[in-house]
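What follows is a set of notes on a single structure, which appears directly below.
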Amino acid sequence: MAVLQPGLPPLAPEVPVRRFPHYEDAVRAMVDYEAALYRNASWKRANCIPVTDQDQPEEVFGLFPARPDLPPLAIVGGMGPLAGAQAFRKACGRFQDSRALVLYQACSLPDRSTVILGEDGPDTPLCYEIALRLADAVRLAVDHLGPPPSQPARCIIACNSAHYFWPLVARELRQTTARPREMQMISLVDSSLQALRSRSSRRTLLLATEGARAGKVFSAPCLDAGIVFDEPSPAQSRLLTGAIFEGVKSLDPRRAVQLGNEFFETILRSGRDYDCVLAGCTELAPLIDLLRRNGSPGVTAFLSRVTIVDPVEEALRHA
């Protein structure tokens, strides 16, 4: 992971925008976009070039149906690009032509785990820089929805680790947004906690990036809510990190399945009886989908049996 310094450049105010009148058009475009991501990543791996979120340009994809009847929804993605694209595709499938949807791929944002692990808490200059960049991304995403509607726009930041900076982002938006009631932020963490409470699981396996784990993005609110959960051991976390960064973020399905299998096999050998998995990283939902299809028999059976709580799916329920 790269070493980051304060003084990050601002997000580009002008980015390419692709507009679609119908949700089917938007879904097809995202399928093509995801295929291009895989092709580009495959070429880079073949040429020994690392694949990172920040490789991709910032872009905007917008669904603007003729007669929407739900409040518009903005999604801040790009962390990584595949996760943002899949969040937008899920939103298109769920809402179809009932609301305007915008995906802002803020790919230039530095890796959130790198920042969390490298700083002594959130009250540092670099953490403030990241929060300012996230708040700018929120404003730009919402601005692309067009003129203010009669109902407040909703916004989802499609990165679980970015929620470490949530209080700073919320404060920045309150202080600098002229009419804050026109925008309602939907938290992945709050949405997930509501889902966990409603399911009354016996024991939850809480999975997240090393940064989100160190920052207690999910563990602290789960403890406060009385939710019974376990987190992976340090050795298991290293396997999970590999599956996320070397597998899904690098768009390498073979490596994702290999490391994902190793990780969940160690979970199964622990003998713990989990009935729920919180997929607290946007790369974990596609990893779990891959393992349900291509994992070892034991891993496939486990992931097909337990309840998977996907924070993005839960946030879309509340949007």
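Mapping of the sequence shown onto our numbering: position 35 corresponds to residue 988, and the numbering continues sequentially without gaps.
We treat Cβ as the ideally placed atom computed from N, Cα and C, and that holds for glycine.
Check: Using beta-carbon positions only, say whether residue 1233 and residue 1165 come within less than 8 Å of one another.; Outcome: yes
Check: Short check: CB of residue 1227 to CB of residue 1168, under 8 Å?; Outcome: no
Check: Can you list, in chain order, the residues of its chain whose CB lies under 8 Å from that of residue 1189, leaving out five sequence neighbours each side?; Outcome: 1216, 1219, 1220
Check: Under a Cβ-count criterion, where at least 16 other Cβ atoms within 10 Å of its own Cβ denotes burial, should residue 996 be classed as buried or exposed?; Outcome: exposed
Check: Where does residue 1009 fall in DSSP's three states?; Outcome: coil
Check: If you count every other CB in all the chains shown that lies within 10 Å of the CB of residue 1160, and 16 or more means buried, which is it?; Outcome: buried
Check: How many angstroms separate the CA atom of residue 1124 from the CA atom of residue 1087?; Outcome: 12 Å
Check: Is residue 1208 closer than 8 Å to residue 1200 when the C-beta atoms are compared?; Outcome: yes
Check: Can you give the beta carbon distance from residue 1011 to residue 1051, rounded, assuming they're within the 8 Å contact cut?; Outcome: At roughly 27 Å, the Cβ-Cβ gap does not stay under 8 Å, so residue 1011 and residue 1051 are not in contact.
Check: Measuring alpha carbon to alpha carbon, tell me which of 981, 1260, 1245 ends up nearest residue 1253.; Outcome: 1245
Check: Would you kindly check if the distance between the Cβ of residue 1121 and the Cβ of residue 1075 is under 8 Å?; Outcome: yes
Check: Taking the straight line between their C-alpha atoms, what separation do you get for residue 1140 and residue 1113?; Outcome: 9 Å
Check: Less than 8 Å between the C-beta atoms of residue 1013 and residue 1057, yes or no?; Outcome: yes
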